[in-house]
Amino acid sequence: MKLTISRESLLTPLQSIAGVVEKKQTMPVLSNVLLVAEDNTLTLTGTNMEVELVGRVTPVHIDQPGRITVPARKLSDICRALGDESPIELVLEG
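Numbering of the sequence shown is given in my numbering, commencing with residue 84 and proceeding in unit increments.
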């Protein structure tokens, strides 16, 4: 997976989803957000097993489609620490 997205385009849905998932879960994957990059769209999904939130960002420059889960709060913290106009490149190798 390889994509480029603006900070604001990613941060807006990510903050909503990070509010649904919990840091301390009995199943650690529930503290993650699922990122799916395909068809010029990035779909973000998070759940706490009671509520599921899905956000979509389009258009996104996708060089290579793919999917991965990452810690929602950590990704949100990283995005907030970047400058307002910062482009973000997400790359999954292997």
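Just so you know, even glycine gets a beta-carbon here, dropped at the ideal spot from N, CA and C.
The closest CA to that of Gln-147, considering only Val-104, Thr-95, Lys-106, Glu-176, is found on Glu-176. In this structure, the CA atom of Val-140 is about 15 Å from the CA atom of Cys-162. By the criterion of a C-beta distance shorter than 7 Å, Ile-151 is surrounded in its chain by Met-84, Leu-118, Leu-175, once the five residues flanking it on both sides are discounted.
In summary, Val-104 is buried, with 16 or more beta-carbon neighbours lying within 10 Å of its beta-carbon over all protein chains present. Sixteen is the threshold: since fewer than 16 other Cβ atoms of the shown chains lie within 10 Å of the Cβ of Ala-164, the residue is exposed. Residue burial annotation: Val-116 is buried, with at least 16 other C-beta atoms found within 10 angstroms of its C-beta. If the five residues before and after Leu-173 are omitted, its C-beta is found closer than 6 Å to the C-beta atoms of Leu-86, all from its own chain and listed in chain order. Contact between Ala-120 and Gly-149 holds, since their C-beta atoms are separated by about 6 Å, short of 8 Å. Ser-169 counts as exposed, since fewer than 16 other beta carbons sit within 10 angstroms of its beta carbon. Thr-128 counts as buried, since no fewer than 16 other beta carbons sit within 10 angstroms of its beta carbon.
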